[in-house]
Amino acid sequence: MADPTKKDEAADQKGAPRDTTPNVTEVDVVDAASVEEVEAVLDAPVERGEPILQVRNLVKHFPLTQGILFKRQIGAVKAVDGVSFDLYQGETLGIVGESGCGKSTVAKLLMTLEQATAGEVFYKGQDITKLSGRALKAVRRNIQMVFQDPYTSLNPRMTVGDIIGEPFEIHPEVAPKGDRRRKVQDLLDVVGLNPEYINRYPHQFSGGQRQRIGIARGLALNPEIIICDEPVSALDVSVQAQVINLMEKLQDEFNLSYIFIAHDLSIVRHISDRVGVMYLGKMAEIGTDEEIYDHPTHPYTQALLSAVPVPDPSARDGRERIILSGDVPSPANPPSGCRFRTRCWKAEDKCAKEVPLLAIPERFVGQNTPAAHESACHFAEEKDVVHA
Amino acid sequence: MPEIYDNPQSGPGTRAGNAAVAADRGATPTSPKAPAAGPSLEDKVREEKARSLWGDAWRDLRRNPYFIISSFLVVLLVFIALFPGWFTSADPRDADLTNHFLKKPELGSFFTADWFGYDNQGRSIYARVIYGTRASIQVGVGVTVIVTIVGGLMGMLAGYFGGWLDALLSRITDVFFGIPFLLGALVVLNAFTDRSVPVVIGALAFLGWTQIARVMRGSVITTKQADYVVAAKALGAGTSRILIKHILPNAMAPVIVVATIALGGYISAEATLSYLGMGLAEPTVSWGIDISSASKVVRNNPHALFFPAGMLTLTVFAFIMLGDAVRDALDPKLR
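Those protein sequence lines, which keep their order, are chains P and D. The opening residue of the first sequence carries number 700 in the numbering used here; numbering runs sequentially from there. The opening residue of the second sequence carries number 12 in the numbering used here; numbering runs sequentially from there.
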């Protein structure tokens, strides 16, 4: 596992020039009239480093209702409230945040498992929130998901062969019938499981092995994007490393783009090229892993990072721990202005009145410093909490 | 990475061949290489591993004496119902008033017409008990099958789709649940003059499906939130595939348990209705009818009541005990 205090050499090489890869780029919307056109658009390849998935002002409100027969809406849980980001081909975008901040809802929205209240998700310029039927099925072939809990994400009444082979039954055009068994065994081999295990049931495997089965199922349709919703948080630490390494290997092998949702900051840093920090349904800060971990400018990110355990006792002594007071406010009734202001030590009147935009803070605009990345704070300033 | 290839004998070389044949059979293709004591141990390990959830339940059940007793009784009863001629040569409708009117049982003469004595019309009670099994088993199994299909379907649709369909189906279920079972059956059966086995089955199923529907609905609601259902949706699976492949196999266990226990209840309900004169009617041979006629002479001839009533009790007991054993085996919390 990556030690957050350790300098990640790969990150330096990956670190693209900051101003050329802004978080949100222009969406090249494709207007496809028919299903065939949509399918043609979705099959077109995307260059490495080009945006493949563009999320714009994504909103998901879950209505709160009252009454038994005639349900009245009395409010809404604002699980996701205006999130925008881009995912580039071949990269890993980490999304971190504490429980209930809307990470998993974002994942479900990207998979169109939930209907977005507002906003768009452009996959290759095609707004997938408005697709249905055959076109949506074509999208599903290209965007797949790995689930958090390997103990509930595999049907206990199906053999491993049936579980991994199910994608082929749903999308018969991907693999001809006679070929499927061999393909399933290939997939088992790819994820490091013995292909002989094809007739076993999920409960005969360990947690790590089950997660490999879940990854194999996600890979079956040869997708371009895999959304990982806390894929390792249910696993032992030793097994976490194996699964993470496997996922990195597969990314190189199959040219995948990952959205990696987690609350373990060390793992996210290890696997991610860019990281977005969410708080109460909004993106607080987003940038490359170096920018976020070494040069955080949003107070919430700084607080989160200061909570990462440091294994070195002597380094620990000199470090400042930011302890936030209070609880996360209810997403049904979020604070006005900046959502973090109720727990922020920098909060002033301005924070209650104006919603801070997710943009490069004014004081850093034009400067070639790692702090010049997007941060939704009126008083953004650099504070190195990891090394201090 | 210790968990990869944890079977040391399955190298890449043996892979293709093993997989082509069913890969998880008890016989290990690599066993000839192992020492003499090796294969049997490995076979044991494999056997232990190659089991599903039902396989686990079966392993539990095989060792459960209650299951062994009750399943033996149920199998025996089914055989009696299917082939009553194998168990007695006497005719249950052969009334011999001169010789045998209320003759006491001769417990020493096994399996003869005299064994359990004769009833007030001079018919062999043993033959009537044997032939009466068919009506009881028919009613019990028939009602259970219909109730499981109808109630299961209703519960599955209500639980899976929710919303207004759930509201509608659940209210219909509540209306039927509100009708007292026996009173409702009496009213329904009163409308029929010819009360044969299918009519009684229909009447009991008409009132009995609500129990299964409720269990199924709850079970489906739990199952549909599982991640594997979400995963299937994410793959683009249609509703019918999700219902048949994912929801149904995982939601069935509690329904099977309730249905097995309820089966005994339907048998006793049939007997109750027959006793009250609203169930099966002569010339059908049924324990309920015999209990009814025997009750008039019970003070001097208790044997006429004892044998059909005992048989009924034994049957209901066998099915309820079977249901209990299956529930214990399927409930992972009791493991």
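Glycine included, C-beta positions come from ideal geometry on N, C-alpha and C.
TODO: Indicate whether at least one CB of chain D lies closer than 7 angstroms to the CB of Gly1021/P.
DONE: Here the sequence assigns Ile to residue 1021/P, which means Gly is not the residue at that position. It does not: the Cβ of Ile1021/P has no partner Cβ on chain D nearer than 7 angstroms.
TODO: Would you check if the distance between the CB atom of Asp885/P and the CB atom of Ala806/P is smaller than 7 angstroms?
DONE: no
Open item on the list: Could you tell me which whole alpha helix (DSSP H) segments of length 4 or greater appear in the stretch 729 to 815 of chain P?
Closed with: 734 to 742, 802 to 809
Task: Lys836/P: contacting residues in chain D (beta-carbon distance under 8 angstroms) - done: Gly247
Open item on the list: If you reduce the DSSP assignment to three classes, tell me which class Asp177/D lands in.
Closed with: helix
Open item on the list: I want to verify the contact list: residues of chain P whose CB lies under 7 angstroms from the CB of Lys244/D, in sequence order.
Closed with: Leu812
Open item on the list: In this structure, how does DSSP classify Ile1093/P when only helix, strand and coil are distinguished?
Closed with: Residue 1093/P falls outside the range modelled here, since chain P spans only 700 to 1087, and no answer is possible.
Open item on the list: Short of 6 angstroms in beta carbon distance, which residues of its chain neighbour Ile136/D, apart from the five on each side in sequence? Order them along the chain.
Closed with: Phe127, Gly128, Asp130, Phe318
TODO: Would you grab the beta carbon distance between Ser803/P and Ile924/P for me? Rounded to a whole angstrom, and I think it's under 8 angstroms.
DONE: Wrong, their Cβ atoms sit about 17 angstroms apart, outside the cutoff.
Task: Contact check, Ile863/P vs Arg916/P, beta carbons under 7 angstroms - done: yes
- [ ] Could you confirm whether any beta carbon from chain D is found closer than 7 angstroms to the beta carbon of Thr804/P?
- [x] no
Task: Status (buried if at least 16 other CB within 10 Å, exposed otherwise) for Thr184/D - done: buried
Open item on the list: Does Ser1013/P pass the burial test, meaning 16 or more other C-beta atoms within 10 Å, or should it be called exposed?
Closed with: exposed
TODO: Just tell me which of Gly766/P, Leu786/P, Arg771/P, Val795/P has its CA closest to the CA of Lys981/P.
DONE: Val795/P
- [ ] Keeping to the same chain, check which residues put their C-beta closer than 7 angstroms to that of Arg145/D; ignore five residues upstream and five downstream.
- [x] These residues qualify, in order along the chain: Ala92, Pro95.
Task: Straight-line gap, Met946/P to Gly249/D (C-alpha atoms, nearest Å) - done: 29 angstroms
- [ ] Say whether chain P places a C-beta atom closer than 7 angstroms to the C-beta of Pro265/D.
- [x] no
TODO: For the stretch 960 to 1042 of chain P, list the beta strand (DSSP E) runs that are entirely contained and at least 3 residues long, ordered along the chain.
DONE: 973 to 978, 981 to 987
TODO: Look at Asp238/D and Phe1078/P and say whether their C-beta atoms are less than 7 angstroms apart.
DONE: Their beta carbons are not under 7 angstroms apart, which means Asp238/D does not touch Phe1078/P by this criterion.
Task: CA-to-CA distance, Pro1030/P to Leu979/P, given in whole angstroms - done: Rounded to whole angstroms, Leu979/P to Pro1030/P spans 6 angstroms at the Cα level.
TODO: For Cys1076/P, name the three-state secondary structure that DSSP assigns.
DONE: Cys1076/P falls in the coil class under three-state DSSP.
TODO: Would you kindly work out how many angstroms separate the C-alpha atoms of Ile914/P and Thr811/P, rounded to a whole number?
DONE: 19 angstroms
Task: Contact with chain P by Ala68/D, beta-carbon distance below 7 angstroms - done: no
- [ ] Compare the beta carbon distance of Gly247/D and Ile966/P with 7 angstroms and say whether it is the shorter of the two.
- [x] no
Task: Status (buried if at least 16 other CB within 10 Å, exposed otherwise) for Ala178/D - done: By the neighbour-count definition (other C-beta atoms within 10 Å, threshold 16), Ala178/D is an exposed residue.
- [ ] For chain D, find out if any of its Cβ atoms is closer than 7 angstroms to the Cβ of Ser852/P; answer yes or no.
- [x] Taking a beta-carbon distance threshold of 7 angstroms, Ser852/P counts as an interface residue toward chain D.
TODO: Would you mind stating whether Ala262/D and Thr234/D have Cβ atoms separated by less than 7 angstroms?
DONE: yes
TODO: Can you say whether Thr791/P is buried or exposed, counting buried as having 16 or more other CB atoms within 10 angstroms of its CB?
DONE: Buried: at least 16 other Cβ atoms inside 10 Å.
TODO: Measuring alpha carbon to alpha carbon, tell me which of Phe328/D, Phe83/D, Ile148/D, Gly66/D ends up nearest Ser297/D.
DONE: Measuring from the Cα of Ser297/D, the nearest candidate turns out to be Ile148/D.
TODO: Buried or exposed for Asn893/P, please, with buried defined as at least 16 other CB atoms from any protein chain shown within 10 angstroms of its CB.
DONE: buried
TODO: Indicate whether at least one CB of chain C lies closer than 7 angstroms to the CB of Pro313/D.
DONE: No chain C is present in this structure, whose protein chains are P and D.
Task: Cβ pair Gln825/P, Pro922/P closer than 7 angstroms - done: Contact check for Gln825/P against Pro922/P fails: the beta carbons are separated by 7 angstroms or more.
Task: Met844/P, enclosing beta strand (DSSP E) - first and last residue - done: Unbroken beta strand (DSSP E) run through Met844/P: 842 to 845.
Open item on the list: Can you tell me which residues form a DSSP beta bridge with Tyr822/P?
Closed with: Leu752/P, Gln825/P
Task: Alpha carbon of Thr109/D to alpha carbon of Lys115/D, nearest angstrom - done: 14 angstroms
TODO: Compare the C-beta of Ile869/P against all C-beta atoms of chain D and say whether one is closer than 7 angstroms.
DONE: Residue-level contact by beta carbon holds for Ile869/P and chain D, with a gap shorter than 7 angstroms.
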